[in-house]
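Reading through the structure tokens given below for one structure.
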Amino acid sequence: MSGSVIVMDNGSGSCKGGFAGEDKPAAIVPTIVGYSKDESAKENGAPLKATFIGEDALHKGGVLSLKYPIHRGIVDDWDDMEKVWDFMFTSALKVNPKDHTVLVTGSAEDNTKNRNKMYEILFEKFQVAGMQVAVDAVLSLWASGRKTGIVCSCGDSLSHIVPIYEGVLLSEAMVGLNLGGRDLDSCLAQLLSEKGYSFIPQEEYASTLLKDVREKHSYVTLDFEKEMNLSASSLEQNHTFSDGKNIVLDKERFRCTEPLFEPELLGIETPGLHDLVYSSIMKCDMDVRKDLYHNVVLAGGVTMTAGFGERLKNGLASLAPPSINIQISAPSDRAFSAWVGGSILASSDAFSNQILSLQQYKESGLDNIPLFSGIF
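Quick note, the sequence shown lines up with residues 0 to 375 if you use numbering that gives the first Met the number 0.
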């Protein structure tokens, strides 16, 4: 794949990497860096190496201190982010970054300082041939085949509502919510602890185990109070961990996801996702609101939860004018739709004219970053 454009979608939970023109990422690496807690620790008789990335870090569990370089959609540890990128290039994709142009995603809430840091590291450390940073929500919309719509994206540590009209991001109407899958996992942990389960051996590793439980067993209910009145036995599902331990889940299956629509359950004083989508649409010009209601696009792994789309539609319908026909688009690849949109963009004829080359960076720094609709 020498010379092909590499697309990297940087998520709080995982970094997706692959080549432009493909329909799915070639590698998905958990955005986690693990450091040995004990310098004298050994593995198979040999000293344990100091740093582990992605799945390697997760598999070591409690012997490592786990770090997440992206928090609430923003990179807050660039040294660790650099380690994840290095692992993606050399180990996951097995490429020399010097041979490739790179399209990197950034959060709609990202700022110029963070964006510029991406350029700095990828050009100066990795010497990529060229690069561009694109808004993840815009790419998710493109992946759905649309230029107009409102993206409801829910990832590992952040949810955001991003309206886009004819390819232009309507930044003044964007709404963010500091709540994501990791928060739901913490909620699930609390609910299970109330039932007496104490199966988590290490706190830092807990989120990984709980994420697996949540993704396999949770759902979003249309009527929370009605569901709470059901018998627990009618909702029971078993989950067995790799060490053979077993837990039984019932009402926590939907209670752990309810904060998406009732954040106050976690002590977060903000409206739920349906209210935020409505609020975002109402901040837009009246002429575009109908088109946005007709094109609500889901993105991010949390939106894969059973019942999510139906609950969002019902909640939005309770707020919108009765004459409005609300359409929810839930693409099957929405867990990595930003990457798919990046693959489409980076393989287009126009993309080659919209990048900053390494030579241009050396000559003028970041003064002449090419810009086009919806792209940083």
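Here a beta-carbon is modelled for each residue, glycine too, at the ideal position from N, C-alpha and C.
Between the options, which lies nearest to residue i when the distance is taken from Cα to Cα?
i: V287; options: I149, V301, S230; result: I149
i: G340; options: V74, N228, A136; result: A136
i: R145; options: E165, H159, T50; result: E165
i: S185; options: G195, V167, L208, K66; result: L208
i: Y324; options: S331, A345, L344, N294; result: Reading off the sequence shown, one finds Asn at residue 324, where the question assumed Tyr. Of the listed residues, the one whose Cα sits closest to N324 is N294.
i: C151; options: L357, T302, Q326; result: T302
i: T239; options: E261, F253, R213, F260; result: R213
i: H99; options: W77, N113, V6; result: V6
i: L355; options: L140, T269, E119, K225; result: E119
i: A19; options: M80, L102, P29, K36; result: L102
i: D249; options: Y277, L264, K215, P270; result: K215
i: C153; options: S342, S106, T89; result: S106
i: G180; options: A56, S158, A329, F125; result: S158
i: N9; options: K36, K210, W77; result: W77
i: S170; options: E268, N110, K124; result: N110
Using a Cβ-Cβ cut-off of 7 Å (strictly less than) and excluding sequence neighbours within five positions of residue i, which residues of its own chain qualify?
i: L291; result: G148, I149, P162, I280, C283
i: E251; result: L187, L190, L191
i: V247; result: E235, N237
i: R254; result: L190
Which same chain residues end up closer than 8 Å to residue i when comparing Cβ atoms and leaving out the 5 residues on each side of it in sequence?
i: L221; result: G306, E309, R310, N313
i: K289; result: I323
i: D75; result: P68, I69
i: P262; result: L176, L178, E268, T269, P270, G271
CA-CA distance, residue i and residue j?
i: D366; j: D155; result: 33 Å
i: G243; j: V4; result: 44 Å
i: A26; j: A91; result: 6 Å
i: P24; j: G299; result: 14 Å
i: L183; j: I31; result: 18 Å
i: L272; j: F260; result: 5 Å
i: F371; j: S351; result: Unreliable positioning characterises F371 in this predicted model, as indicated by a pLDDT of 44, which lies under 50. The coordinate reading is nonetheless provided below. Near 12 Å, if we compare the C-alpha coordinates of S351 and F371.
i: I368; j: V219; result: 42 Å
i: S232; j: T50; result: 45 Å
i: S197; j: W84; result: 35 Å
Using the Cβ count rule (16 or more neighbours within 10 Å means buried), how would you classify residue i?
i: Y34; result: exposed
i: P320; result: exposed
i: G16; result: buried
i: K59; result: buried
i: G266; result: exposed
i: G195; result: exposed
i: E108; result: buried
i: V134; result: buried
i: K361; result: exposed
i: A337; result: buried
i: S363; result: exposed
My assumption, with CB atoms under 8 Å, is that residue i sits in contact with residue j. Please give the rounded CB distance.
i: I52; j: K82; result: 6 Å
i: P68; j: L178; result: The pair is not a contact, with the Cβ atoms about 20 Å apart (cut-off 8 Å).
i: M61; j: S11; result: Note that residue 61 corresponds to Gly in the displayed sequence, not to Met. Going by Cβ atoms, the distance from G61 to S11 rounds to 22 Å, so no, they are not a contact pair.
i: V132; j: K97; result: Wrong, their Cβ atoms sit about 19 Å apart, outside the cutoff.
i: G129; j: L344; result: That pair is no contact at about 14 Å.
i: V28; j: M117; result: Actually they do not touch by this definition, with Cβ atoms about 17 Å apart.
i: S331; j: E21; result: Actually they do not touch by this definition, with Cβ atoms about 16 Å apart.
i: S328; j: L297; result: 7 Å
Under 6 Å Cβ to Cβ from residue i, same chain only, skipping five residues before and after it: list those, please.
i: D79; result: V32, K66, P68
i: A172; result: P162, S279, K282, C283
Cβ-heavy atom distance between residue i and the ligand ADP below 7 Å?
i: D286; result: Questions concerning the ligand ADP fall outside what the structure shown contains, since it holds no ligand whatsoever.
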